[in-house]
Every structure is written in structure tokens, then in C-alpha cells.
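I have placed the structure first, in the form of C-alpha cells, so that the comments after it can refer back to it.
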Amino acid sequence: MGIAGVPRYGFEVMIRGILFDKDGTLLDLERTWIPPYRKAAEYIAGLAQKPALADRLMAVGGYDPDMRQWTTDSVLASGSNDDVVRTWERELGFGLTREKQEHIRSQFFLSSVQPVPITDNLHRLIHEIKSFGVILGVATMDDESSARAMLRTFDLHHAFEFVCGADSGYGVKPDPGMVQAFCERCSLRQGEVMVVGDSLKDLQMAKNARAGMAVGVLSGAQAHGQLESDADMILQSIEELPRLLGSWLLSNRVPV
85 MGIAGVPRYG
95 FEVMIRGILF
105 DKDGTLLDLE
115 RTWIPPYRKA
125 AEYIAGLAQK
135 PALADRLMAV
145 GGYDPDMRQW
155 TTDSVLASGS
165 NDDVVRTWER
175 ELGFGLTREK
185 QEHIRSQFFL
195 SSVQPVPITD
205 NLHRLIHEIK
215 SFGVILGVAT
225 MDDESSARAM
235 LRTFDLHHAF
245 EFVCGADSGY
255 GVKPDPGMVQ
265 AFCERCSLRQ
275 GEVMVVGDSL
285 KDLQMAKNAR
295 AGMAVGVLSG
305 AQAHGQLESD
315 ADMILQSIEE
325 LPRLLGSWLL
335 SNRVPV
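Residue numbers (my numbering): 85 to 340.
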């Protein structure tokens, strides 16, 4: 079973799998990640004995705490944990020991044990989406263990048949490896996959993998104008997905 849709190119595609980004798509990016990022930045500032450095680390990572805005392609919003550490090491001017890096990563792991969902009804919403007969997956630039912990927190671990992170061995966004691994694991063709995410890297990954659809959501770090060049469709959030999938069914685009 699948859901047929019509992307901007005007041809019909059959969607059998949906691969979600995590932060900014399933989770509230700011409320989930700013607290652990801030704690980690303050830890580094303490090591350097420069209290003001914490604000600078947040800024070079791509977040303006005063404006509460993320920069385009922000490392904090769409980079891996390793990307964040390397960015901060460059600003610090010297490398951190493995022990100190692990302490920082432990702060990042707080995002998986204290996540804030994009909607209070995330559990119901995901099961409503799954009820359309699609296979669900998660592809994040966070670590895989954090993604799995988050899904267990919301009792959604059984709803997703595929979960991967930047450390899973499938490459990182915007490379196509995560989509390809989802397809291989779940017996899907790449053209049957809808990728849903809040960043250009998500949408570019979909394009590089020749996925059936690239759907941007405005619930994360980037605005409509930043996503539209690589999106087949843009939604306010994943809360609009059931209505979209339902409209395709009512349009008789599903083969019988």
C-alpha cells in the first residue's frame, strides 16, 4: 500500500515510506537543544576561564540568543555532534581531550532524555500518519542512540522501522546514504520515499538520493524562503501531513 502524490514537477509518484528528520521536525528545536548547547558552551568557557566565551560559541555555532534566531545552515541546528565540537574547538584555539569531548557529548545527550515534542499530540499524530500504510523512518544528524532514546520517551519506538544518526555509518546529510539505507532496510525504491525535514540539508539529501518527494517544514530553524529552492512542498509542520495524505486518497491517486 502507498500514498500517491504530485510534486511540483507535475508527475505522479507513489509514496510508500516517509523518512523524518528529528530536531525541528519531530522535536521543538529551540526548547530541546538550547539548554544542553548552553550548558556545553558554558563548560568550555569555564575551561578557558572566559565566561563571555559561552555567548561567542553559541554565535559561531549559528544561534543568536538575543534574537532567538538560527543562521542559514547553522551547525547547531543541522550539524552533527562532531561538527559542533570541531566548530567550537576552532573558536577555542586548541583541541579538547577525549574526556572533555565526552563530557560535552553527555550534555548533548540530555536532548534525548528531556526532549520537547513539536506537538503535544506527537504520539497520536505519528500513529495517524502511519495509519495511511506508509513505512516510517528517522534520519538525524544527532547520534543514533539519542534518536532511539527520544522515540522510547514518547513510546514511538515500535512505530519506526528505521532509525539512523550521523554515527550510524551511512554518511551525513546532505549525502544520500541515509535515504539509501532506509530503502535497503525497508525494501523501498528511492522514488517511493518522502523526506520531511526543516533544513536545506534534509531537502538536499532527498534530492541527492533521488527521493520521490522533499517536504520542508517551517517548525525548525529555517524560513520558507530558505527552503523553497529545494522543496517540492513546504508545510508549517508535520501536523499538516495527515490532511495532505488524506487529500491524496480522496483524489483517487491510490491504485486499486
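Glycine is no exception: its CB is placed at the ideal position from the N, C-alpha and C atoms.
Kindly list the residues whose CB is nearer than 8 Å to the CB of residue i, restricted to its own chain and excluding five residues on each side of it in sequence; keep chain order.
i    : result
K285 : D157, S162, M225, K257, P258
I318 : V299, G300, V301, L302, H308, L311, E312
C270 : G101, I219, G221, E245, F246
E268 : none
Roughly how many whole angstroms lie between the Cα atoms of residue i and residue j?
i    : j    : result
V218 : I102 : 7 Å
I128 : Y121 : 11 Å
V277 : D314 : 16 Å
F266 : G296 : 13 Å
G177 : L141 : 12 Å
K123 : D204 : 25 Å
D107 : Q133 : 31 Å
Q367 : Q153 : Here the chain has residues from 85 to 340 only, and residue 367 is not among them.
L131 : E186 : 14 Å
P199 : S331 : 31 Å
Y93  : D316 : Bear in mind that the predicted position of Y93 carries a pLDDT of just 45, short of 50, making it unreliable; the figure below should be weighed with that in mind. In a straight line, the C-alpha of Y93 is about 8 Å away from that of D316.
L333 : S164 : 37 Å
M151 : A136 : 17 Å
T116 : I322 : 17 Å
R182 : T171 : 16 Å
A138 : R232 : 29 Å
D287 : G179 : Reading the sequence as shown, one finds Leu at residue 287 and not Asp. If I take the Cα positions, the gap works out to 32 Å.
D166 : R236 : 24 Å
Find the nearest neighbour of residue i within the set the options, judged by alpha-carbon distance.
i    : options                : result
H241 : P260, L220, E114, D251 : L220
A305 : T155, P119, E173       : T155
K214 : N292, M289, P326       : P326
F246 : V222, E212, Q264       : V222
K184 : A233, R236, A125, E212 : A125
E114 : P135, A136, P149       : P149
I118 : T171, F193, E268, R182 : F193
L110 : R170, I188, A138, L209 : L209
For my contact list, residue i and residue j are in at a C-beta cut-off of 8 Å; report their separation, rounded to the angstrom.
i    : j    : result
D251 : D227 : 5 Å
S230 : S190 : With 8 Å as the limit, S230 and S190 do not qualify as a contact, their Cβ atoms being about 11 Å apart.
P201 : D112 : 7 Å
F244 : L329 : That pair is no contact at about 17 Å.
A175 : V144 : Before going on, a small fix: residue 175 reads as Glu here, not Ala. Confirmed, about 5 Å.
M289 : V279 : 6 Å
F30  : H207 : Residue 30 cannot be examined here, being either before or after the span of the chain that is shown, 85 to 340.
What residues in its chain sit with their C-beta under 7 Å from that of residue i, if we drop five residues either side in the sequence?
i    : result
R37  : Because residue 37 is not part of the residues shown, which for the chain are 85 to 340, the question remains open.
E293 : Before going further, note that residue 293 is Ala rather than Glu in the sequence given. If we look at A293 and ignore the five residues flanking it on each side, its Cβ neighbours are P260, V263, Q264, Q274.
Y147 : W154, S158, L160
V168 : G145, V159, L160
K291 : A298, D314
Closer than 6 Å by C-beta to residue i: which residues in its own chain qualify, once you throw out the five before and the five after it? Chain order, please.
i    : result
Y254 : C248, G261, M262, A265
E324 : none
M234 : S196, P199
P339 : Any answer about P339 is weak, because its pLDDT of 39 lies below 50 and its placement is not dependable; what the coordinates show is given next. None.
F95  : The predicted position of F95 is uncertain, since its pLDDT is 48 and thus under 50; no value can be drawn from it.
Which parts of the region 221-286 are runs of the alpha helix (DSSP H), unbroken and 4 residues or longer, counting only runs that do not cross its ends?
228-237, 261-270
4-residue-minimum alpha helix (DSSP H) runs that sit fully inside the region 112-175, ordered along the chain
113-132, 137-144, 159-162
Beta strand (DSSP E) runs wholly inside the region 304-332, at least 3 long, in chain order:
317-319
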